[in-house]
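Protein sequence lines correspond, in order, to chains E and B. According to this note's numbering, the first sequence is numbered sequentially starting from 2. According to this note's numbering, the second sequence is numbered sequentially starting from 81. Below: one structure, written as structure tokens.
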Amino acid sequence: MTRKFRLKPRVEQKVVQFFFYLLTSVAVLVLVFILVVILKNGLPQLSLEFLTKNPAHMGKEGGIFSTIVATIYLTFIALLVATPLGVGTAIYLTEYTFEGTVTRIIRFGAECLAGIPSIIFGLFGFILFVNKLKFGWSILSGGLTLAFMVLPTIIRTSEEAIKSVPAAYRLVCYSLGSTRWQTVTRVVLPSAAPGIVTGVILSIGRSIGETAAVIFTAGSALHLPSSIFSSARTMSVHFYILAREGISMSKAYGTAAVLVIAILLINIVAYYLMGKYISRSSSE
Amino acid sequence: MMSKSKPNDRLIRLSLLMVALTAITVLAVITIFIFEQGLPVMAKYGLKNFLFGQDWYPSEKSFGLLPMIVGSLLVTFGALLIGVPLGLASAIFLTEFSSRRLSRLLKPLIELLAGIPSVVYGFLGLMFLVPFIRENLGGPGLSVLAASIILGIMILPTIISISIDSIRAVPDSYREGSIALGATKWQTVRMVVLPAARSGLVAGIILGMGRAIGETMAVIMVAGNAADLPASWLAPVRTLTSNIALEMAYASGEHRQALFATGVVLFVIIMILNFLANLAARKQPGR
Numbered sequence: 002m003t004r005k006f007r008l009k010p011r012v013e014q015k016v017v018q019f020f021f022y023l024l025t026s027v028a029v030l031v032l033v034f035i036l037v038v039i040l041k042n043g044l045p046q047l048s049l050e051f052l053t054k055n056p057a058h059m060g061k062e063g064g065i066f067s068t069i070v071a072t073i074y075l076t077f078i079a080l081l082v083a084t085p086l087g088v089g090t091a092i093y094l095t096e097y098t099f100e101g102t103v104t105r106i107i108r109f110g111a112e113c114l115a116g117i118p119s120i121i122f123g124l125f126g127f128i129l130f131v132n133k134l135k136f137g138w139s140i141l142s143g144g145l146t147l148a149f150m151v152l153p154t155i156i157r158t159s160e161e162a163i164k165s166v167p168a169a170y171r172l173v174c175y176s177l178g179s180t181r182w183q184t185v186t187r188v189v190l191p192s193a194a195p196g197i198v199t200g201v202i203l204s205i206g207r208s209i210g211e212t213a214a215v216i217f218t219a220g221s222a223l224h225l226p227s228s229i230f231s232s233a234r235t236m237s238v239h240f241y242i243l244a245r246e247g248i249s250m251s252k253a254y255g256t257a258a259v260l261v262i263a264i265l266l267i268n269i270v271a272y273y274l275m276g277k278y279i280s281r282s283s284s285e
Numbered sequence: 081m082m083s084k085s086k087p088n089d090r091l092i093r094l095s096l097l098m099v100a101l102t103a104i105t106v107l108a109v110i111t112i113f114i115f116e117q118g119l120p121v122m123a124k125y126g127l128k129n130f131l132f133g134q135d136w137y138p139s140e141k142s143f144g145l146l147p148m149i150v151g152s153l154l155v156t157f158g159a160l161l162i163g164v165p166l167g168l169a170s171a172i173f174l175t176e177f178s179s180r181r182l183s184r185l186l187k188p189l190i191e192l193l194a195g196i197p198s199v200v201y202g203f204l205g206l207m208f209l210v211p212f213i214r215e216n217l218g219g220p221g222l223s224v225l226a227a228s229i230i231l232g233i234m235i236l237p238t239i240i241s242i243s244i245d246s247i248r249a250v251p252d253s254y255r256e257g258s259i260a261l262g263a264t265k266w267q268t269v270r271m272v273v274l275p276a277a278r279s280g281l282v283a284g285i286i287l288g289m290g291r292a293i294g295e296t297m298a299v300i301m302v303a304g305n306a307a308d309l310p311a312s313w314l315a316p317v318r319t320l321t322s323n324i325a326l327e328m329a330y331a332s333g334e335h336r337q338a339l340f341a342t343g344v345v346l347f348v349i350i351m352i353l354n355f356l357a358n359l360a361a362r363k364q365p366g367r
């Protein structure tokens, strides 16, 4: 072993601690800076008019009403499809089978799906829903694409929620003569509900913020969507187009502020539920 | 006791199995579609020309993806260079060195910021970072450097929150044992806590890496998107993802297929990363 120069452990400790403190401050400040800039430049743009008027002149004038409606439609369809599929998968994995090849394949599928970039989902949705199934650029195509994108999140959070329901609940239920399905629907799911809802809420946040997967499946038409088959532009896509094509930076900031506030509120609700859930399950 | 309800139960089990197979089915369908669309054109013009060709002129049937492959790898590497030290340092600081109150305040804040859409990061990069680079370091500003910094910041919340979770999962008895032997806090962290949390940390970094290489819109806004091999950190660059997104709107025929071929390359890179992440996560010592 070669002898090399070393600081005294206690000095080293102080140096390292200071260094880490510095790096943490940089990380936190950068992230907070992003939030502050968006809110500082975006909040002055917000008004009732901005939220309730449709965009005019490609978004240079008017508000963002139609894009808010489109975002809500798309997110609604995504969760309408993804929630039963995700919760169903979680129930199967936790309550109806033992660990084995089948569960391993299912988990592998969900994990890989979680890692696929949104642009690939966009290509997939474009080929399957827009072209092959002839839904065209539409809310339906975009919503279904998003559904598969958020599916892994819902599976994972639901599985964790169901797993954390105490085994005693199930035993009591079986001992009363209930079937497996009765146990699942009347005891397990109600106890796991806050956890499942958290996953759904997080998925809402992800759907709202998504751009790449949506732009090739829902299109970017600016008018108010009239049915699930009309093409529509979500807030994120609108924001992207405003900023990238330099149409209006003030409207871009306004749209970004609405997006960020909506997502932060959604995540705060998810956090609150999660916290409540954890404190409840640990007190039992 | 269960005999009366058994046929019903079996039906439910079967339908739940069907539902549970959705994820893997979707994965299979995505794979088939992307490869079905992308492989023929790759075969026609040769895999070598696709992977190592330097010229991307779709109108002249020249589909060299090398600049984009290099571009994706460069910005991802750059993002890790920025995101990993900052992320790990923050995670270590917040779990081991800071007061409980501070970490209780900052962890949720950082996780909330993970929800900020990537387009927002790209937009702020365009408004602040790109002009800053142009004025102070030269070049067009839209550059490898700008994309790396934006992606590095974007993956910070992911890396921090996963690292915090895996460091917290290390049992306190490990730390107490080390402190009892007279080690300082930092020695404990370096020699006991970090090795024990290693697999979780690696998995978090690989996840961040996957996010960086898969990101599209934020990169398009700050990278400049020239389909050439970047000459320096200040030169514009185009990634695999932006190649798809930039041209998909108007591409048709073989050009569109070449974009799916771009997707194939991206897909293969991501799958390799996923595989590595799984491997790393499974190698948890003492499990």
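In this text, a Cβ means the ideal position worked out from N, Cα and C, and glycines have one as well.
_In the DSSP assignment, the alpha helix (DSSP H) including B:Ile300 goes from what residue to what residue?_
Working through the second sequence from its first residue, we reach residue 300 of chain B at position 220. In the DSSP assignment, B:Ile300 falls within the alpha helix (DSSP H) that extends over 297-303.
*Using beta-carbon positions only, say whether B:Phe115 and E:Leu124 come within less than 9 Å of one another.*
Reading the second sequence from its first residue, position 35 is the one you call residue 115 of chain B. Reading the first sequence from its first residue, position 123 is the one you call residue 124 of chain E. Contact flag unset, no.
*Opposite B:Trp136 in the DSSP bridges: which residues?*
For the purposes of this step, residue 136 of chain B is identified with residue 56 of the second sequence, where counting begins at 1. For B:Trp136, which the question treats as bridged, DSSP gives the partners B:Phe143.
*Comparing alpha-carbon positions, which option in E:Leu23, E:Gly247, E:Ala213, E:Ser251 lies nearest B:Ser322?*
Along the second sequence, one-based indexing puts residue 322 of chain B at 242. Out of E:Leu23, E:Gly247, E:Ala213, E:Ser251, E:Ala213 has the C-alpha closest to the C-alpha of B:Ser322.
_Cutoff 9 Å: B:Arg367 Cβ touching any chain E Cβ_ = Taking the second sequence and counting its residues from 1, one reaches residue 367 of chain B at position 287. Because B:Arg367 carries a pLDDT of 39, less than 50, the predicted location of this residue cannot be relied on, and the following value inherits that uncertainty. When Cβ-Cβ separations below 9 Å define contact, B:Arg367 makes no contact with chain E.
*Is E:Pro10 helix, strand or coil when you go by DSSP?*
Here the question's residue 10 of chain E lines up with position 9 in the first sequence. Three-state DSSP puts E:Pro10 in a helix.
*Mind checking who E:Ala57 pairs with in its DSSP beta bridge?*
Taking the first residue of the first sequence as position 1, residue 57 of chain E is located at position 56. Among the bridge pairs identified by DSSP, E:Ala57 is matched with E:Glu62.
*From the DSSP output, in three-state form, read off B:Val29 for me.*
Here chain B covers residues 81 to 367 and nothing more, so residue 29 of chain B does not appear.
*Would you please verify whether the beta carbon of B:Asp89 is less than 9 Å from any beta carbon of chain E?*
Working through the second sequence from its first residue, we reach residue 89 of chain B at position 9. Taking Cβ atoms only, chain E reaches closer than 9 Å to B:Asp89, which makes this a yes.
*How would you list, in chain order, the residues of chain E whose beta-carbon sits under 7 Å from the beta-carbon of B:Phe173?*
Working through the second sequence from its first residue, we reach residue 173 of chain B at position 93. Chain E residues near B:Phe173: Phe21, Tyr22, Thr25.
*asked:* Less than 9 Å between the beta carbons of E:Ala257 and B:Val210, yes or no?
replied: Residue numbering aside, residue 257 of chain E sits at position 256 when the first sequence is read from its first letter. Residue numbering aside, residue 210 of chain B sits at position 130 when the second sequence is read from its first letter. Remark: C-beta atoms of E:Ala257 and B:Val210 do not approach each other more closely than 9 Å.
*Using the C-alpha atoms, what's the distance from B:Ala277 back to B:Ala263?*
Looking up residue 263 of chain B in the second sequence gives position 183. Looking up residue 277 of chain B in the second sequence gives position 197. Going by the C-alpha atoms only, they are around 18 Å apart.
*C-alpha gap between E:Thr84 and E:Val166, whole angstroms*: To locate residue 84 of chain E, count along the first sequence from 1; it is residue 83. To locate residue 166 of chain E, count along the first sequence from 1; it is residue 165. Cα to Cα, the separation comes out at about 19 Å.
*Using 10 angstroms around the beta-carbon of E:His239, count the other beta-carbons present and answer buried if the total reaches 16, otherwise exposed.*
The residue you call residue 239 of chain E lines up with position 238 of the first sequence. With 16 or more other Cβ atoms within 10 Å, it is buried.
*asked:* I need the boundaries of the alpha helix (DSSP H) containing B:Gln117, first residue and last residue.
replied: Reading the second sequence from its first residue, position 37 is the one you call residue 117 of chain B. Where B:Gln117 is concerned, the enclosing alpha helix (DSSP H) stretches over 102-125.
*asked:* So E:Ser237 contacts chain B; which residues on that side make the cut at Cβ distance below 7 Å?
replied: Taking the first residue of the first sequence as 1, we reach residue 237 of chain E at position 236. For the C-beta of E:Ser237, the chain B residues within less than 7 Å are, from N- to C-terminus, Pro197, Val199.
*asked:* Taking beta-carbon pairs under 7 Å, can you tell me which members of the region 88-101 of chain E lie near chain B?
replied: For the region 88-101 of chain E, which is checked against every Cβ of chain B, the residues closer than 7 Å are Gly89, Thr90, Ile92, Tyr93, Leu94, Tyr97.
*Measuring alpha carbon to alpha carbon, tell me which of E:Ala168, E:Val131, E:Val88 ends up nearest E:Thr154.*
Sequence index remark: in the first sequence, residue 154 of chain E carries index 153 (1-based). In terms of CA proximity to E:Thr154, E:Val88 leads the group E:Ala168, E:Val131, E:Val88.
*Identity of the residue in B:Ala341, B:Val282, B:Trp266, B:Pro316 nearest E:Arg11 by Cα*: As a working mapping, residue 11 of chain E is identified with position 10 in the first sequence. Scanning B:Ala341, B:Val282, B:Trp266, B:Pro316 for the CA closest to the CA of E:Arg11 turns up B:Trp266.
_Between B:Asn129 and chain E, is any beta-carbon pair separated by less than 9 Å?_
As a working mapping, residue 129 of chain B is identified with position 49 in the second sequence. Chain E has no Cβ within less than 9 Å of the Cβ of B:Asn129.
*E:Tyr22 by DSSP, collapsed to three states: which one?*
Counting from one through the first sequence, the residue named residue 22 of chain E turns up at place 21. Note: E:Tyr22 maps to helix in three-state DSSP.
*Of the choices B:Asp308, B:Ala103, B:Ser312, whose alpha-carbon is the least far from that of B:Leu320?*
By 1-based counting over the second sequence, the position of residue 320 of chain B is 240. That would be B:Asp308, whose Cα lies nearest to the Cα of B:Leu320.
*If you compare alpha carbons, which of E:Phe34, E:Leu177, E:Thr146, E:Ala57 is closest to E:Ile78?*
Taking the first residue of the first sequence as 1, we reach residue 78 of chain E at position 77. For E:Ile78, the closest of E:Phe34, E:Leu177, E:Thr146, E:Ala57 by C-alpha to C-alpha distance is E:Thr146.
*Please list, in chain order, all residues of the same chain as E:His224 whose beta carbon is under 7 Å from its beta carbon, the five residues on each side excluded.*
Here residue 224 of chain E refers to the residue found at position 223 when the first sequence is read from its first residue. Here the set comprises Ser67.
*Can you say whether E:Phe99 is buried or exposed, counting buried as having 16 or more other CB atoms within 10 angstroms of its CB?*
Looking up residue 99 of chain E in the first sequence gives position 98. Its Cβ having fewer than 16 others within 10 Å, E:Phe99 is exposed.
*Which two residues bound the contiguous alpha helix (DSSP H) that contains B:Pro275?*
As a position in the second sequence, residue 275 of chain B is number 195, starting the count at 1. For B:Pro275, the enclosing alpha helix (DSSP H) covers residues 274-294.
*Reference E:Tyr22; option with closest CA among B:Leu127, B:Ile349, B:Leu154, B:Gly167*: Residue mapping note: residue 22 of chain E aligns to position 21 of the first sequence, counting from 1. Selected option, being the one with the closest Cα: B:Gly167.
*Own chain residues within Cβ distance below 7 Å of E:Glu160, not counting five before or after*: Position 159 of the first sequence, counted from the start, is the residue given in the question as residue 160 of chain E. Counting only Cβ-Cβ distances below 7 Å, and skipping sequence neighbours, we find Ala91, Leu94, Thr95.
*Could you run through the region 263-287 of chain B and flag, in chain order, every residue whose CB is less than 7 Å away from some CB of chain E?*
Residues Thr264, Lys265, Trp266, Gln267.
*What is the residue span of the alpha helix (DSSP H) that E:Ser183 lies within?*
Counting from 1 along the first sequence, the entry for residue 183 of chain E is found at position 182. Checking the sequence shown, residue 183 of chain E turns out to be Gln, not Ser. For E:Gln183, the enclosing alpha helix (DSSP H) stretches over residues 181-184.
*asked:* Can you tell me whether E:Ser221 is helix, strand or coil according to DSSP?
replied: Position 220 of the first sequence, counted from the first residue, corresponds to residue 221 of chain E. The answer is coil: DSSP assigns E:Ser221 none of H, G, I, E or B.
*For E:Ile205, the first and last residue of its enclosing alpha helix (DSSP H)*: As a position in the first sequence, residue 205 of chain E is number 204, starting the count at 1. Per DSSP, the unbroken alpha helix (DSSP H) holding E:Ile205 starts and ends at 190-210.
*Residues near E:Tyr273 by beta carbon distance below 8 Å, same chain, minus five either side*: Your numbering for residue 273 of chain E matches position 272 in the first sequence. Excluding positions up to five away in sequence, the list is empty.
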